[in-house]
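Q:
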Amino acid sequence: MKGSTEGKTITCKAAVAWEPHKLSIEDVEVAPPKANEVRIKITHTALCHTDLLTLSGKDAEGKFPCILGHEGAGIVESVGEGVTEVKSGDHVIPCYQAECRECKFCKSGKTNLCGKVRAATGQGVMLLDGKPRFSAKGKPIYHYMGTSTFSQYTVVHDVSVAKINPKAPLDKVCLFGCGVTTGRGAVLNTAKVEPGSTVAIFGLGTVGLAACEAAKKAAGAKRVIGVDIQPAKYPLAQKFGATEFVNPKDHEKPIQQVLVDMTDGGVDYSFECVGKVELMRAALEACIKGWGTSVIVGVAEAGAEVSTRPFMLITGRTWKGTAFGGYKSRTDVPKLIEQYLNGEIRIEEYITHRLSLPEINEAVELMKRGECLRCVISME
Ligand code: NAD
Ligand code: AHE
Ligand code: ZN
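First residue of the sequence shown? That's 1 in UniProt numbering, and the numbers climb one at a time after it.
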């Protein structure tokens with residue numbers, strides 16, 4: 001049976017970024033999904049640090065006006081022609097990292113990066129016709145990261161939709177759309193941390209905490225050293241598996257030297273979960289020669305570049321990066337949510353705040369001040 005909105009343009013509320021720095025709650029028109037597209041009623045979304053980077057105008061790809069948001073969950077409202085894997089009423093996570101299972105990247109077995117819709121999502125449009133499905137005040141509004149979860153309804157490519165167990169609480173599992181998944185995967189898929197390892201995690205926000213939990217509990221690391229300039233983050237990080245802490249502000253020496261001295265030559269694995277290039281260098285140089293591996297997780301500002309002495313790599317350190325923790329979105333997100341339902345992955349502790357859509361600018365300020373891990377926004 002057709003829903004009452006199927007095939008029609010929906011007018012709903014969304015947080016529109018007309019330009020950098022401010023989100024305005026507006027009435028937006030959301031066109032029906034075209035072929036291989038899915039329209040989703042977003043029930044909950046959370047803010048990730050990357051939304052703030054784009055909002056501040058510092059993401060190389062940021063295109064305005066747009067509807068931000070990429071950690072969300074919802075229910076399929078309607079689907080376009082050719083969509084076979086989800087139907088109206090299914091519970092889903094829209095994923096910024098698509099998985100078409102057909103492109104050379106998906107078929108390589110070497111990466112979770114999918115090539116099918118990435119060029120379009122980087123431009124804030126849909127692949128089929130190069131246009132957005134959002135408009136407000138008569139103007140087209142661009143999509144963001146192929147997800148745009150700061151809207152009560154969004155349209156995404158079918159290859160970006162992970163269908164999940166309807167028993168999973170959407171107001172919590174929205175976090176699997178980015179931060180928790182990324183931190184966990186950085187440890188388990190990208191670095192492949194082994195039992196007994198010594199690990200340093202730079203940045204104890206949601207991504208870093210998820211990395212702590214994965215390193216200690218899932219990978220069996222022996223030492224997990226949390227590095228953050230906010231000591232208020234340490235108690236929760238300890239609960240998540242960090243065994244010791246370093247505040248770079250407490251030391252005269254460079255933080256990499258502090259870590260090398262603490263660990264008899266350096267850590268086996270390090271993770272930069274902040275987004276600052278000087279910390280990316282420090283994280284690499286904190287690794288032990290011969291086999292130390294550092295993973296860049298944080299997203300740096302447009303134009304930023306990383307550097308180190310080539311000798312650091314010649315002497316056996318490996319420098320890697322991760323997107324969405326190396327997880328394949330449609331295949332792996334439903335499995336991660338089952339692990340959450342089985343009690344293997346924590347979620348509740350990341351949700352430090354809850355607000356409603358009209359209050360979204362408060363959530364931005366809380367995140368900017370570092371007072372919040374994840375603020376879940378109720379979209380109803
Ligand atoms: P967050 O803002 O919640 O956490 C960042 C943490 O870094 C905070 O605890 C802060 O106190 C700490 N910090 C800031 N400056 C520091 C310094 N100089 N030294 C040590 N610690 C410092 O952010 P988040 O949502 O956890 O995201 C972390 C990073 O990961 C961001 O850059 C985000 O854009 C990026 N990210 C990347 C991916 C990916 O797929 N690669 C996915 C999600 C997020
Ligand atoms: N657009 C930026 C890069 C942004 C970036 O690296 N994004 C991460 C996800 S951050 C989620 O919070 C990512 O996974 N990138 C891989 C991809 O395909 O986007 C720029 O510098 O152009
Ligand atoms: Zn994110």
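Where a beta carbon is used, it is the ideal one built from N, C-alpha and C, also for glycine.
Excluding sequence positions up to five away, which residues of its chain have a Cβ less than 6 angstroms from the Cβ of Lys163?
A: Answer for Lys163: Val86, Asp90, Val92, listed in chain order.
Q: Taking one C-beta from the region 217 to 231 and one from the region 187 to 203 each time, how about it: are there three or more such pairs within less than 8 angstroms?
A: A contact exists between the region 217 to 231 and the region 187 to 203.
Q: With Ala214 and Gly265 assumed to form a contact (beta carbons below 8 angstroms), what rounded beta-carbon distance in angstroms separates them?
A: At roughly 24 angstroms, the Cβ-Cβ gap does not stay under 8 angstroms, so Ala214 and Gly265 are not in contact.
Q: Sort Val125, Gly124, Cys103 by Cα distance to Lys116 and report the nearest one.
A: Among Val125, Gly124, Cys103, the Cα nearest to that of Lys116 belongs to Cys103.
Q: Is any heavy atom in the ligand AHE found nearer than 7 angstroms to the beta carbon of Asp59?
A: Flag set: Cβ of Asp59 near the ligand AHE.
Q: Can you tell me where the beta strand (DSSP E) with Asp27 in it begins and where it stops?
A: Segment 24 to 30, the beta strand (DSSP E) holding Asp27.
Q: With three or more C-beta pairs closer than 8 angstroms as the rule, is the region 166 to 175 touching the region 24 to 41?
A: Judged by Cβ distances under 8 angstroms, the region 24 to 41 makes no contact with the region 166 to 175, as fewer than three pairs qualify.
Q: Using DSSP with H/G/I as helix, E/B as strand and the rest coil, what is Val199?
A: DSSP places Val199 in strand when its eight states are reduced to three.
Q: With hydrogens ignored, establish whether the beta-carbon of Val299 is closer than 7 angstroms to any heavy atom of the ligand AHE.
A: Under cutoff, so the answer is yes.
Q: Using the beta-carbon of each residue, find all residues closer than 5 angstroms to any heavy atom of the ligand ZN and list them in chain order.
A: So the residues near the ligand ZN by this Cβ test are Cys48, Thr50, Cys178.
Q: Helix, strand or coil for Ser270 per DSSP?
A: DSSP places Ser270 in strand when its eight states are reduced to three.
Q: Kindly indicate which residue of Ile288, Tyr327, Val295 has the alpha-carbon position closest to the one of Phe311.
A: Among Ile288, Tyr327, Val295, the Cα nearest to that of Phe311 is on Ile288.
Q: By Cβ distance below 6 angstroms, which residues in the same chain neighbour Ala31 in space, the five residues on each side in sequence not counted?
A: Hits under 6 angstroms: Thr9, Arg133.
Q: Whole angstroms are fine: how far does the CA of Gly74 sit from the CA of Val297?
A: Taking the straight line joining both Cα atoms gives about 26 angstroms.
Q: Spell out a yes or no on whether the region 224 to 244 and the region 150 to 167 are touching, meaning 3 or more CB-CB pairs, one atom from each, closer than 8 angstroms.
A: The region 224 to 244, when compared against the region 150 to 167, does not touch it at the 8 angstroms Cβ threshold.
Q: How would you label Ser151, buried or exposed, when you count the other beta carbons within 10 angstroms and need 16 or more for buried?
A: Under this definition Ser151 is a buried residue.
Q: Quick one: any contact between the region 254 to 272 and the region 202 to 214, if contact means 3 or more CB pairs under 8 angstroms?
A: Yes, since at least three Cβ pairs between the region 254 to 272 and the region 202 to 214 fall closer than 8 angstroms, the two stretches touch.
Q: Using DSSP with H/G/I as helix, E/B as strand and the rest coil, what is Met1?
A: At Met1, the pLDDT of 49 sits below 50, so the modelled position is not reliable; the number obtained from the coordinates is stated separately. It is coil, neither helix nor strand.
Q: Would Pro248 and Gly177 qualify as a contact pair, given that the criterion is a beta-carbon distance under 8 angstroms?
A: No, they are not a contact pair.
Q: Counting beta carbon pairs with one atom in the region 62 to 73 and one in the region 104 to 113, are three or more of them shorter than 8 angstroms?
A: Short answer: they don't touch.
Q: I'd like to confirm something about His70: is its beta-carbon nearer than 7 angstroms to some heavy atom of the ligand AHE, or not?
A: Yes, the Cβ of His70 comes within 7 angstroms of a heavy atom of the ligand AHE.
Q: First and last residue of the alpha helix (DSSP H) that includes Arg374?
A: Unbroken run through Arg374 is the beta strand (DSSP E), 374 to 378; no alpha helix (DSSP H).
Q: For the UniProt domain "Alcohol dehydrogenase-like C-terminal" (207 to 338), which segments carrying the beta strand (DSSP E) assignment without a break, of at least 3 residues, lie completely within its bounds, in sequence order?
A: Listed in chain order, they are 223 to 227, 244 to 246, 269 to 272, 293 to 296, 318 to 321.
Q: Closer than 7 angstroms to a non-hydrogen atom of the ligand NAD - does that hold for the CB of Lys253?
A: No, since every heavy atom of the ligand NAD falls outside the 7 angstroms radius drawn around the Cβ of Lys253.
Q: Would you call Asp129 buried or exposed, if buried means 16 or more other Cβ atoms sit within 10 Å of its Cβ?
A: It counts as exposed.
Q: Between Thr11 and the rest of its own chain, which residues show a CB-CB distance below 8 angstroms, the 5 nearest in sequence each way excluded?
A: Counting only Cβ-Cβ distances below 8 angstroms, and skipping sequence neighbours, we find Asp27, Val28, Glu29, Val30.
Q: Check Val156 in the structure and name its three-state DSSP category.
A: Three-state result, Val156: strand.
Q: Whole angstroms are fine: how far does the CA of Arg354 sit from the CA of Glu348?
A: Roughly 12 angstroms between the two C-alpha positions.
Q: Start and end of the alpha helix (DSSP H) containing Glu365?
A: Its alpha helix (DSSP H) spans residues 360 to 368.
Q: Mind the definition here: the region 355 to 367 touches the region 335 to 343 only if three or more C-beta pairs lie below 8 angstroms; say whether that holds.
A: Contact fails: fewer than three Cβ-Cβ distances are below 8 angstroms.
Q: With which residues is Phe134 paired in a DSSP beta bridge?
A: Phe134 is bridged to Val30, Ile141.
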